[in-house]
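To start, the structure under review is shown below, and the notes come after it.
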Amino acid sequence: MIKGATKESRGFTIIEVALTIAVGGLIFLMVFVALPSLQRSQRDATRREDVMTYLEQLKKYQTNNRGALPKGEQEWANFMNDYFSGHADPSGGVYTQEIVSCGSDVKTDEACSATQIQDVYSSSFPYGDNTLLVVKQAYCGSNDTLVKTSNPRNVAVLYRLEGAGVYCSNT
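Its first residue numbered 1, the sequence shown is counted upward by one per residue in our numbering.
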(Lines of atoms letter the chains of each structure in order from A and count residues from 1; the text may use other names and numbers.)
(Lines give C-alpha, C1' and ligand atoms only; values in the text may rest on other atoms or scores of the structure.)
Protein backbone atom coordinates (compact mmCIF):
# COMPACT_ATOMS: atom_id res chain seq x y z
CA MET A 1 0.00 0.00 0.00
CA ILE A 2 1.25 3.45 -0.84
CA LYS A 3 1.94 5.71 2.08
CA GLY A 4 -0.75 8.44 2.49
CA ALA A 5 -3.33 6.70 0.28
CA THR A 6 -6.77 6.31 1.77
CA LYS A 7 -9.08 3.44 1.23
CA GLU A 8 -11.95 4.25 -1.17
CA SER A 9 -15.34 3.37 0.22
CA ARG A 10 -18.10 1.99 -1.96
CA GLY A 11 -21.85 2.07 -1.29
CA PHE A 12 -24.11 4.37 0.70
CA THR A 13 -24.10 5.37 4.32
CA ILE A 14 -27.03 4.52 6.57
CA ILE A 15 -28.00 8.20 6.70
CA GLU A 16 -28.18 8.44 2.91
CA VAL A 17 -30.34 5.32 2.68
CA ALA A 18 -32.67 6.51 5.48
CA LEU A 19 -33.03 9.94 3.88
CA THR A 20 -33.88 8.41 0.48
CA ILE A 21 -36.50 6.13 2.05
CA ALA A 22 -38.02 9.08 3.97
CA VAL A 23 -38.31 11.23 0.84
CA GLY A 24 -39.81 8.32 -1.11
CA GLY A 25 -42.29 7.71 1.72
CA LEU A 26 -43.37 11.36 1.71
CA ILE A 27 -43.94 11.29 -2.04
CA PHE A 28 -45.94 8.05 -1.74
CA LEU A 29 -48.00 9.53 1.11
CA MET A 30 -48.80 12.68 -0.88
CA VAL A 31 -49.97 10.61 -3.86
CA PHE A 32 -51.92 8.22 -1.61
CA VAL A 33 -53.76 11.13 0.08
CA ALA A 34 -54.42 13.16 -3.11
CA LEU A 35 -55.51 10.33 -5.40
CA PRO A 36 -59.01 9.65 -3.96
CA SER A 37 -59.82 13.36 -4.02
CA LEU A 38 -58.64 13.63 -7.61
CA GLN A 39 -60.71 10.61 -8.65
CA ARG A 40 -63.79 11.98 -6.87
CA SER A 41 -63.52 15.35 -8.61
CA GLN A 42 -63.04 13.60 -11.96
CA ARG A 43 -66.23 11.55 -11.41
CA ASP A 44 -68.11 14.74 -10.43
CA ALA A 45 -66.90 16.47 -13.60
CA THR A 46 -68.27 13.56 -15.63
CA ARG A 47 -71.60 13.85 -13.78
CA ARG A 48 -71.78 17.56 -14.62
CA GLU A 49 -71.14 16.74 -18.28
CA ASP A 50 -73.88 14.10 -18.15
CA VAL A 51 -76.37 16.63 -16.74
CA MET A 52 -75.49 18.97 -19.61
CA THR A 53 -75.93 16.10 -22.09
CA TYR A 54 -79.33 15.32 -20.54
CA LEU A 55 -80.40 18.94 -21.03
CA GLU A 56 -79.12 18.95 -24.63
CA GLN A 57 -81.12 15.80 -25.34
CA LEU A 58 -84.18 17.37 -23.71
CA LYS A 59 -83.81 20.35 -26.08
CA LYS A 60 -83.63 17.93 -29.02
CA TYR A 61 -86.80 16.26 -27.75
CA GLN A 62 -88.50 19.65 -27.54
CA THR A 63 -87.36 20.51 -31.06
CA ASN A 64 -88.84 17.26 -32.35
CA ASN A 65 -92.11 17.84 -30.43
CA ARG A 66 -92.92 21.50 -31.16
CA GLY A 67 -91.30 22.75 -27.97
CA ALA A 68 -93.30 20.52 -25.65
CA LEU A 69 -91.85 18.61 -22.72
CA PRO A 70 -92.79 14.97 -22.17
CA LYS A 71 -96.16 14.54 -20.48
CA GLY A 72 -96.73 11.89 -17.87
CA GLU A 73 -94.48 9.18 -16.51
CA GLN A 74 -94.55 7.05 -19.65
CA GLU A 75 -93.42 9.87 -21.98
CA TRP A 76 -90.60 10.80 -19.57
CA ALA A 77 -89.56 7.14 -19.46
CA ASN A 78 -89.64 7.01 -23.26
CA PHE A 79 -87.52 10.18 -23.41
CA MET A 80 -84.96 8.58 -21.08
CA ASN A 81 -84.85 5.40 -23.20
CA ASP A 82 -84.82 7.11 -26.60
CA TYR A 83 -82.60 10.13 -25.92
CA PHE A 84 -80.43 9.35 -22.90
CA SER A 85 -79.88 5.59 -22.98
CA GLY A 86 -76.31 4.40 -22.77
CA HIS A 87 -75.30 6.99 -20.17
CA ALA A 88 -74.24 5.65 -16.80
CA ASP A 89 -72.95 7.25 -13.64
CA PRO A 90 -69.13 7.05 -13.40
CA SER A 91 -69.51 4.86 -10.31
CA GLY A 92 -71.32 2.31 -12.49
CA GLY A 93 -75.00 2.91 -11.69
CA VAL A 94 -77.69 3.61 -14.26
CA TYR A 95 -79.19 7.11 -14.25
CA THR A 96 -82.82 7.46 -13.24
CA GLN A 97 -84.99 10.56 -13.25
CA GLU A 98 -87.46 12.01 -10.77
CA ILE A 99 -89.85 14.59 -12.24
CA VAL A 100 -91.20 17.26 -9.86
CA SER A 101 -92.33 20.89 -9.95
CA CYS A 102 -92.08 23.83 -7.58
CA GLY A 103 -95.74 23.60 -6.72
CA SER A 104 -98.78 25.72 -7.43
CA ASP A 105 -98.44 27.86 -4.29
CA VAL A 106 -95.04 29.26 -5.39
CA LYS A 107 -95.35 32.53 -7.29
CA THR A 108 -93.43 33.22 -10.49
CA ASP A 109 -89.86 34.48 -9.93
CA GLU A 110 -89.87 33.28 -6.30
CA ALA A 111 -87.60 30.61 -4.92
CA CYS A 112 -89.09 27.18 -4.47
CA SER A 113 -89.34 26.58 -0.75
CA ALA A 114 -87.74 23.66 1.06
CA THR A 115 -91.22 22.29 1.77
CA GLN A 116 -91.86 22.06 -1.97
CA ILE A 117 -88.71 20.12 -2.71
CA GLN A 118 -87.40 18.90 0.61
CA ASP A 119 -83.65 19.14 1.34
CA VAL A 120 -82.68 19.73 -2.29
CA TYR A 121 -79.85 22.07 -1.33
CA SER A 122 -78.33 20.07 1.52
CA SER A 123 -75.96 17.16 1.61
CA SER A 124 -78.92 14.99 2.59
CA PHE A 125 -80.34 15.20 -0.95
CA PRO A 126 -83.47 13.07 -0.64
CA TYR A 127 -83.15 11.34 -3.99
CA GLY A 128 -81.11 8.17 -4.35
CA ASP A 129 -77.79 7.75 -6.03
CA ASN A 130 -77.83 8.18 -9.81
CA THR A 131 -81.11 10.15 -9.72
CA LEU A 132 -81.48 13.22 -11.90
CA LEU A 133 -84.01 15.52 -10.22
CA VAL A 134 -85.90 17.26 -13.02
CA VAL A 135 -87.84 20.32 -11.82
CA LYS A 136 -90.36 21.54 -14.37
CA GLN A 137 -91.04 25.27 -14.82
CA ALA A 138 -87.96 26.32 -12.84
CA TYR A 139 -84.42 27.53 -13.29
CA CYS A 140 -81.27 27.59 -11.17
CA GLY A 141 -80.98 30.86 -9.31
CA SER A 142 -78.13 32.33 -7.32
CA ASN A 143 -76.68 30.31 -4.43
CA ASP A 144 -78.01 27.08 -5.98
CA THR A 145 -81.66 27.94 -5.34
CA LEU A 146 -84.48 26.92 -7.61
CA VAL A 147 -86.68 29.74 -8.91
CA LYS A 148 -90.12 29.24 -10.43
CA THR A 149 -90.58 30.68 -13.90
CA SER A 150 -93.68 31.49 -15.91
CA ASN A 151 -92.33 29.55 -18.91
CA PRO A 152 -93.70 25.99 -18.76
CA ARG A 153 -90.88 24.82 -21.05
CA ASN A 154 -88.08 25.68 -18.63
CA VAL A 155 -86.50 22.81 -16.74
CA ALA A 156 -83.84 22.70 -14.03
CA VAL A 157 -81.90 19.48 -13.39
CA LEU A 158 -80.20 18.78 -10.09
CA TYR A 159 -77.77 15.99 -9.28
CA ARG A 160 -75.99 15.06 -6.07
CA LEU A 161 -72.23 15.17 -6.45
CA GLU A 162 -69.86 12.95 -4.56
CA GLY A 163 -67.62 15.71 -3.29
CA ALA A 164 -69.41 19.06 -3.42
CA GLY A 165 -73.13 19.07 -2.66
CA VAL A 166 -75.70 19.41 -5.45
CA TYR A 167 -75.12 20.53 -9.04
CA CYS A 168 -77.89 22.53 -10.74
CA SER A 169 -78.20 23.37 -14.44
CA ASN A 170 -81.16 24.48 -16.54
CA THR A 171 -82.44 24.85 -20.10
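We put the beta carbon where it would ideally sit given N, CA and C, even for glycine.
Can you give me the Cβ contacts of residue i inside the same chain, cut-off strictly under 7 Å, excluding the 5 residues immediately before and after it?
{"i": "serine 41", "result": "Gly163"}
{"i": "arginine 10", "result": "none"}
{"i": "threonine 20", "result": "none"}
{"i": "threonine 46", "result": "Pro90"}
{"i": "serine 142", "result": "none"}
{"i": "asparagine 189", "result": "With the chain represented from 1 up to 171, any question about residue 189 goes unanswered, as that position is not in the structure."}
If you drop the 5 nearest sequence neighbours on each side, which residues of the same chain put their C-beta closer than 6 Å to that of residue i?
{"i": "cysteine 140", "result": "Ala156, Cys168, Asn170"}
{"i": "leucine 146", "result": "Cys112, Val135, Ala138, Ala156"}
{"i": "phenylalanine 79", "result": "Tyr61, Pro70"}
Leaving out five residues before and five after residue i in sequence, what residues of the same chain have Cβ atoms less than 8 Å from its Cβ?
{"i": "lysine 107", "result": "Lys148"}
Expressed to the nearest angstrom, what Euclidean distance is found between the alpha-carbon atoms of residue i and residue j?
{"i": "glutamate 75", "j": "asparagine 81", "result": "10 Å"}
{"i": "tyrosine 61", "j": "leucine 69", "result": "8 Å"}
{"i": "threonine 53", "j": "glutamine 97", "result": "14 Å"}
{"i": "threonine 63", "j": "serine 37", "result": "39 Å"}
{"i": "valine 100", "j": "serine 150", "result": "16 Å"}
{"i": "arginine 28", "j": "leucine 35", "result": "Before going on, a small fix: residue 28 reads as phenylalanine here, not arginine. Between phenylalanine 28 and leucine 35, the C-alpha separation is close to 10 Å."}
{"i": "alanine 77", "j": "valine 94", "result": "13 Å"}
{"i": "alanine 18", "j": "phenylalanine 32", "result": "21 Å"}
{"i": "arginine 48", "j": "glycine 86", "result": "16 Å"}
{"i": "glutamine 39", "j": "glutamate 16", "result": "35 Å"}
{"i": "leucine 55", "j": "glycine 72", "result": "18 Å"}
{"i": "leucine 161", "j": "glycine 92", "result": "14 Å"}
Please name the residue in the options whose C-alpha comes closest to that of residue i.
{"i": "valine 166", "options": "Arg153, Asn151, Thr131", "result": "Thr131"}
{"i": "tyrosine 159", "options": "Ala88, Val51, Glu16, Met30", "result": "Val51"}
{"i": "alanine 88", "options": "Asp44, Cys102, Glu73", "result": "Asp44"}
{"i": "cysteine 102", "options": "Tyr83, Tyr127, Glu73, Pro152", "result": "Pro152"}
{"i": "phenylalanine 84", "options": "Val23, Gln57, Glu8", "result": "Gln57"}
Let me know if residue i comes out buried or exposed under the rule of 16 or more other beta-carbons within 10 Å of its beta-carbon.
{"i": "aspartate 109", "result": "exposed"}
{"i": "aspartate 129", "result": "exposed"}
{"i": "aspartate 105", "result": "exposed"}
{"i": "leucine 133", "result": "buried"}
{"i": "leucine 26", "result": "exposed"}
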